[in-house]
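Enquirer:
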Amino acid sequence: MIVRYEPWGAWVKLESTAALVALDRDGARALGLDGSLGAWGESAGPSAPVEVHLAVTERCGAGCEGCYIDARPDGREKSSDAIVRELDALRDAGVFTVAFGGGEPTTRDDLDVLAAAARQRGITPVLTTSGLGLTEARAARLRGFAQVNVSYDGPGATYASVRGFDGAAAAERAIERLVRAGVRVGVNVVLTRASFERLGHTLARARSLGACEAQLLRYKPAGRAASLDYLTRRLSPAQARSLGPTLRFLGESHCADGAFHVRIDCALVPFLSADDAIMRDPGRLTRFGVFGCEAGGALAAVRTDGRVAPCSFAAPAELHGEDLAAGHADDPTLARWRAYVAAPPEPCASCAIRGACKGGCKVVAAFVDGAHGPDPECPRVIAHRSGAA
Numbered sequence: 017m018i019v020r021y022e023p024w025g026a027w028v029k030l031e032s033t034a035a036l037v038a039l040d041r042d043g044a045r046a047l048g049l050d051g052s053l054g055a056w057g058e059s060a061g062p063s064a065p066v067e068v069h070l071a072v073t074e075r076c077g078a079g080c081e082g083c084y085i086d087a088r089p090d091g092r093e094k095s096s097d098a099i100v101r102e103l104d105a106l107r108d109a110g111v112f113t114v115a116f117g118g119g120e121p122t123t124r125d126d127l128d129v130l131a132a133a134a135r136q137r138g139i140t141p142v143l144t145t146s147g148l149g150l151t152e153a154r155a156a157r158l159r160g161f162a163q164v165n166v167s168y169d170g171p172g173a174t175y176a177s178v179r180g181f182d183g184a185a186a187a188e189r190a191i192e193r194l195v196r197a198g199v200r201v202g203v204n205v206v207l208t209r210a211s212f213e214r215l216g217h218t219l220a221r222a223r224s225l226g227a228c229e230a231q232l233l234r235y236k237p238a239g240r241a242a243s244l245d246y247l248t249r250r251l252s253p254a255q256a257r258s259l260g261p262t263l264r265f266l267g268e269s270h271c272a273d274g275a276f277h278v279r280i281d282c283a284l285v286p287f288l289s290a291d292d293a294i295m296r297d298p299g300r301l302t303r304f305g306v307f308g309c310e311a312g313g314a315l316a317a318v319r320t321d322g323r324v325a326p327c328s329f330a331a332p333a334e335l336h337g338e339d340l341a342a343g344h345a346d347d348p349t350l351a352r353w354r355a356y357v358a359a360p361p362e363p364c365a366s367c368a369i370r371g372a373c374k375g376g377c378k379v380v381a382a383f384v385d386g387a388h389g390p391d392p393e394c395p396r397v398i399a400h401r402s403g404a405a
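Rendered as C-alpha cells:
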C-alpha cells in the first residue's frame, strides 16, 4: 500500500490491484493511517498531480490531421536519462500514474526499460499508441505496462474521417497482438461529428478484438487541429446534448456483463449538463468516478522539452518536469487554472455539476473565445449566452 496524505485525508494506492482510492481523514484512520503529525496541515494549497502524461517523443510518421503536438518523423525525442530523472521527480512528488505518449512512443526501443523504471519507483505506467507498425515482438515488450490504449476511432472510413488516412486495420492488428501477448488493452476513440454516429459499431468491434475498455475523447483544437477545420469536425450541438443518453445506451448494450467498460475524458463532462437525469442527481458523477477538468491540479503533462503543462493540450508553463515536486504549487500558469476551478463565473458558478465538471475545457475556450473562461460548447453555456437560461 502506498499512501499520500492530503489536507482532506489521503490517497491510497493498493499495490496488488493498482487501484487508487481517495479517503477522508476518518477513512484513513480506519485503515490505521494518521497524518496528524504534520501531514494533515490546514493549508488548502494543492499538492502534486495524481497522474502525469509524459511525452517521450515527438516522432511519428502517421500524419494524423488532428495531432495535438504536430508530431513528425523527424520530431524531437527525449533521452532515456532525462525520462528517468523525471520519473524520480514524479516519485518524489507522490505521483501515482504516468501515461507514456508522444508522438508514437513505440518507435523507442527502451519502453520496457522505462516501464520497469516507473514500477521500481511505485508508479503505475500506462501507454497510448497508434498501433501502426506494432509487431508481435514489440507487443510482447509492452507487458510491463498496466494497460496499453490503442487509438481506434472505428473501422475503415470512420477511422479515416478522423485521422485523414485509413489506419483501422493496423490498429485492429495491434489490439489483437497485444491481447495475445497478455497485455490489458483499451481503445481511445476520438469523437468527431462523423465518428459519433458510428460509436456503437466502433465499440462492438473493439470488444470483439479483445479490448476491455473504451476511453471516449473529445476532439480538441490543439496542434494540427487548431484550425478552422476544427469547427466542422467538432460534435454538433445536438450530438453534444445527446451524450448522456448515448452513454446510457452504450452501457446497456456493451457493458452490462462487466467485461467491457466505457469512460469519458474530462472535456466531455460539460455536455452532461444537458442531461436532465444527471442534473437531478449530480452526485452520480462523482459516485461513478467521472471527473471534469483536473488540469494543473490532479493532472499535469510533461512535454518532450521537459516543460510542464496543465494538460497535454495546453500551453506549457515555465516549470520543468524534474522540478515538479518542488515547484508545482507555486507555478503561476498552473495556479491560474486552479484559480478558475475554485471560482468560475456564471453559468458555471451555479451549475449543479460544477464540482465534477470544473468549468469545461479551457483549451476549447481559448481557441473559440480567445479567453480562459467557460466552455463555449457546453449546452448550459450556449443557453446562458443566448438568454435562454
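According to my numbering, the sequence shown is numbered sequentially starting from 17. Quick reminder that beta carbons are idealized off the backbone N, C-alpha and C, glycines included. Quick caveat, the model's predicted, so the values are computed rather than measured.
#1: Can you give the Cα-Cα distance for Ala241 and Ala254, rounded to whole angstroms?
#2: Quick check: the Cα distance between Gly61 and Asp347, rounded to an integer number of angstroms?
#3: In this structure, how does DSSP classify Ser402 when only helix, strand and coil are distinguished?
#4: Nearest to Gly337 by CA position, among Ala153, Ala317, Cys327, is which residue?
#5: If you reduce the DSSP assignment to three classes, tell me which class Val72 lands in.
#6: Compare the C-alpha of Ala71 against each of Glu310, Phe329, Leu244, Thr208 and name the closest.
#7: Can you give, in chain order, each stretch of the beta strand (DSSP E) that sits fully within the region 256–283 and has at least 3 residues?
#8: Taking a contact to mean a Cβ-Cβ separation below 8 Å, would you say Val166 touches Val199 in this structure?
#9: When the distance is taken between beta carbons, is Gly375 closer than 8 Å to Pro395?
#10: Between which two residues does the alpha helix (DSSP H) containing Ala317 stretch?
#11: Going by DSSP, what residue range makes up the beta strand (DSSP E) through Asp40?
#12: As a quick exercise: from Ser258, Gly274, Asp169, Trp27, pick the residue whose alpha carbon is nearest that of Trp56.
#13: At 3 residues or longer, and completely inside the region 144–190: list those beta strand (DSSP E) runs for me, N to C.
#14: Quick one: using the 10 Å Cβ neighbour count with 16 as the cut-off for buried, is Ala151 buried or exposed?
#15: Roughly how many angstroms separate the alpha carbons of Thr218 and Ser211, rounded to a whole number?
#16: Give me the Cβ distance between Met295 and Ile369, rounded to the nearest whole Å; I'm assuming they're in contact under 8 Å.
#17: Please confirm if the region 375–384 is in contact with the region 281–291, defined as three or more CB-CB distances below 8 Å between the two stretches.
#18: Shorter than 7 Å, the distance from the beta carbon of Pro360 to the closest heavy atom of the ligand ATP, or not?
#19: Using a Cβ distance threshold of 8 Å, determine whether the region 64–78 contacts the region 89–99, with at least three qualifying pairs required.
Expert: Put simply:
#1: In the sequence shown, residue 241 corresponds to position 225, counting from 1. In the sequence shown, residue 254 corresponds to position 238, counting from 1. Rounded to whole angstroms, Ala241 to Ala254 spans 22 Å at the Cα level.
#2: Translated into the one-based positions of the sequence shown, residue 61 becomes position 45. Translated into the one-based positions of the sequence shown, residue 347 becomes position 331. With a pLDDT of 47 at Gly61, under the threshold of 50, the predicted position of this residue should be treated as unreliable, though the coordinate-derived value follows. Roughly 12 Å separates the two Cα atoms.
#3: Counting from one through the sequence shown, the residue named residue 402 turns up at place 386. DSSP places Ser402 in helix when its eight states are reduced to three.
#4: In the sequence shown, the residue the question calls residue 337 occupies position 321. Of the candidates Ala153, Ala317, Cys327, the one whose C-alpha sits nearest the C-alpha of Gly337 is Ala317.
#5: Counted from its first residue, the sequence shown places residue 72 at position 56. Val72 falls in the coil class under three-state DSSP.
#6: Looking up residue 71 in the sequence shown gives position 55. Closest option to Ala71, Cα to Cα, is Phe329.
#7: 277–280
#8: For this step, residue 166 is matched to residue 150 along the sequence shown. For this step, residue 199 is matched to residue 183 along the sequence shown. Going by C-beta atoms, Val166 is not nearer than 8 Å to Val199.
#9: Along the sequence shown, read from residue 1 onward, the residue named residue 395 stands at position 379. Along the sequence shown, read from residue 1 onward, the residue named residue 375 stands at position 359. Cβ distance not < 8 Å, so Pro395 and Gly375 don't count as in contact.
#10: In the sequence shown, counting from the first residue as 1, residue 317 sits at position 301. Looking at the DSSP string, Ala317 is not in any alpha helix (DSSP H); the run it does join, the beta strand (DSSP E), is 315–318.
#11: Translated into the one-based positions of the sequence shown, residue 40 becomes position 24. Here the beta strand (DSSP E) through Asp40 covers 35–40.
#12: By one-based count along the sequence shown, residue 56 stands at place 40. It is Trp27 whose Cα lies nearest to the Cα of Trp56.
#13: 163–167
#14: Residue 151 sits at position 135 when you count from the first residue of the sequence shown. Per the sequence shown, the amino acid found at residue 151 is Thr instead of Ala. Under this definition Thr151 is an exposed residue.
#15: Locating residue 218 in the sequence shown gives position 202, where the first residue counts as 1. Locating residue 211 in the sequence shown gives position 195, where the first residue counts as 1. When rounded, the distance between both Cα atoms is 9 Å.
#16: Taking the sequence shown and counting its residues from 1, one reaches residue 295 at position 279. Taking the sequence shown and counting its residues from 1, one reaches residue 369 at position 353. Sure, about 7 Å apart at Cβ, within 8 Å.
#17: yes
#18: In the structure shown, the ligand ATP is absent, as is every other ligand, since no ligand is present at all.
#19: yes
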